[in-house]
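Engineer:
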Amino acid sequence: MLISNASFEVSYNNVDRSLLRGFLGASEQLVGTRVVNITFESEISGSGTAGTAPVWGRLLQACAFTETVAATYAAYTPISTNMKTLTIKYVRDGLINTATGCMGSVEMAM
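So the sequence shown is residues 1031 to 1140, counted in our numbering.
(1) Beta carbon of T1115, beta carbon of M1133: below 8 angstroms?
(2) When the Cα of T1169 is compared with those of W1086, L1089, I1109 and V1085, which residue comes out closest?
(3) Under a three-way DSSP split, which group does R1122 fall into?
(4) Whose CA, out of E1137, M1140, A1139 and N1127, lies closest to the CA of V1065?
(5) Could you check the C-alpha separation between L1049 and V1040 for me, to the nearest Å?
(6) Could you check the C-alpha separation between R1122 and S1037 for me, to the nearest Å?
(7) Please report the straight-line C-alpha distance between G1087 and T1079, rounded to a whole angstrom.
(8) Rounding to the nearest angstrom, what Cα-Cα distance links I1033 and Y1120 in this structure?
(9) If you draw a straight line from the alpha carbon of A1092 to that of R1047, how long is it in whole angstroms?
(10) Kindly give me the distance between the Cβ atoms of S1072 and M1031, rounded to whole angstroms, as I take these residues to be in contact under 8 angstroms.
(11) Taking the beta strand (DSSP E) that L1090 belongs to, which residues open and close that run?
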């Protein structure tokens, strides 16, 4: 899938150890959860094959939509249960990063 204007912001929620020790000094922190905020733009186009969902349909499913594919179209309906997630891989500073369990929101502009 081709995307543009991508932004990847990583934040960590570290956990203080708060140990009682027989000397003064700061305690170490443990790395807790890692949260990645990913934003991007993608063009909307059909798959080019009748009865086949477009590739960006997977994105809508991770934004709380269900996908229905018929012989001549694909339809998307908002849902509030059984939402799907995505795994997104991206390259940053020469390293491949993997974000699992991704869910999001969507905006469409013409």
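Positions of the beta carbon are idealized from the N, C-alpha and C atoms, including for glycine.
Structural biologist: Inspection of the coordinates gives the following:
(1) Along the sequence shown, read from residue 1 onward, the residue named residue 1115 stands at position 85. Along the sequence shown, read from residue 1 onward, the residue named residue 1133 stands at position 103. Yes. Within cutoff.
(2) With the chain covering only 1031 through 1140, there is no way to say anything about residue 1169.
(3) The residue you call residue 1122 lines up with position 92 of the sequence shown. DSSP places R1122 in strand when its eight states are reduced to three.
(4) Taking the sequence shown and counting its residues from 1, one reaches residue 1065 at position 35. The option with the nearest alpha carbon to V1065 is N1127.
(5) The sequence position of residue 1049 within the sequence shown is 19, counting from 1. The sequence position of residue 1040 within the sequence shown is 10, counting from 1. Annotation: L1049 to V1040 spans about 28 angstroms, alpha carbon to alpha carbon.
(6) One-based indexing of the sequence shown puts residue 1122 at position 92. One-based indexing of the sequence shown puts residue 1037 at position 7. If I take the Cα positions, the gap works out to 11 angstroms.
(7) The residue labelled residue 1087 in the question sits at position 57 within the sequence shown. The residue labelled residue 1079 in the question sits at position 49 within the sequence shown. G1087 and T1079 have their C-alpha atoms roughly 14 angstroms apart.
(8) If you number the sequence shown from 1, residue 1033 lands on position 3. If you number the sequence shown from 1, residue 1120 lands on position 90. So the alpha carbons of these two residues sit roughly 11 angstroms apart.
(9) Here residue 1092 refers to the residue found at position 62 when the sequence shown is read from its first residue. Here residue 1047 refers to the residue found at position 17 when the sequence shown is read from its first residue. C-alpha separation (whole angstroms): 35 angstroms.
(10) As a position in the sequence shown, residue 1072 is number 42, starting the count at 1. As a position in the sequence shown, residue 1031 is number 1, starting the count at 1. Confirmed, about 6 angstroms.
(11) Locating residue 1090 in the sequence shown gives position 60, counting from the first residue. No beta strand (DSSP E) holds L1090; the alpha helix (DSSP H) holding it covers G1087 to Q1091.
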